[in-house]
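In this text, residue positions in the sequence shown follow my numbering: the first is 59, and each later residue adds one. First comes the structure, then the notes that go with it.
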Amino acid sequence: MKLNDIKRADGARTAPKRVGRGIGSGLGKTCGRGHKGSFARSGKGKIKAGFEGGQMPMQMRLPKVGFRSKLSKDTAEVMLYQLETLDAGTIDFAALRAAGLVPSTAKQAKLVKKGEVSKAFVLKGIAATAGAKAVVEAAGGKFEE
Numbered sequence: 059m060k061l062n063d064i065k066r067a068d069g070a071r072t073a074p075k076r077v078g079r080g081i082g083s084g085l086g087k088t089c090g091r092g093h094k095g096s097f098a099r100s101g102k103g104k105i106k107a108g109f110e111g112g113q114m115p116m117q118m119r120l121p122k123v124g125f126r127s128k129l130s131k132d133t134a135e136v137m138l139y140q141l142e143t144l145d146a147g148t149i150d151f152a153a154l155r156a157a158g159l160v161p162s163t164a165k166q167a168k169l170v171k172k173g174e175v176s177k178a179f180v181l182k183g184i185a186a187t188a189g190a191k192a193v194v195e196a197a198g199g200k201f202e203e
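Listed below in structure tokens is the structure:
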């Protein structure tokens, strides 16, 4: 066998479509694009994902499920270890904001159990998780409304 004898197996390569070469080619006139419509035009063959020809799309017909809390945007989380930086005593939302632990966009604060507390705090008007509440009360602190 010589290099000039090597050739591909039959059917390994198919000839590319030669469009617009007359009626006898099978791809003449409209070149396999049919008549009219967006797919017959050049550069217009795209349809947005989810488009159903003007019919109400599936993602709009189906009911929305799940719950999105509106409070989550307005509530700031304060970690237990962050309270250590404050002076022991009564802490309210204004004190947290003054200390820079709560952003100005927040409307309420919630205490989350992350870290430990060694001082006794009296927390006024601040929500807390069950774990955070237990840690604060174990350190001698308490919650007031």
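Positions of the beta carbon are idealized from the N, C-alpha and C atoms, including for glycine. Bear in mind the structure is a predicted one, so any value in this text is a computation, not a measurement.
Cβ atoms of residue 173 and residue 140: under 9 angstroms apart, would you say?
yes
I'd like the list of long-range same chain contacts for residue 75, defined as Cβ closer than 8 angstroms, with 5 residues on each side in sequence excluded.
85, 90
Grab the span of the alpha helix (DSSP H) containing residue 188 for me, first residue to last.
188 to 196
Can you tell me whether DSSP reads residue 85 as helix, strand or coil?
coil
Residues that DSSP places opposite residue 137 in a beta bridge:
170
What residue from 71, 167, 184 has the CA that sits closest to residue 135's CA?
167
Under 9 angstroms, do residue 170 and residue 120 count as touching if we go by C-beta distance?
no
Which residue from 97, 186, 77, 157 puts its Cα closest to that of residue 203?
186
For residue 59, which residues from the same chain have a beta carbon less than 8 angstroms from its beta carbon, with the 5 sequence-adjacent residues on both sides left out?
none
Coarse secondary structure for residue 131, derived from DSSP in three states
helix
Would the beta-carbon of residue 193 fall within 9 angstroms of that of residue 142?
no
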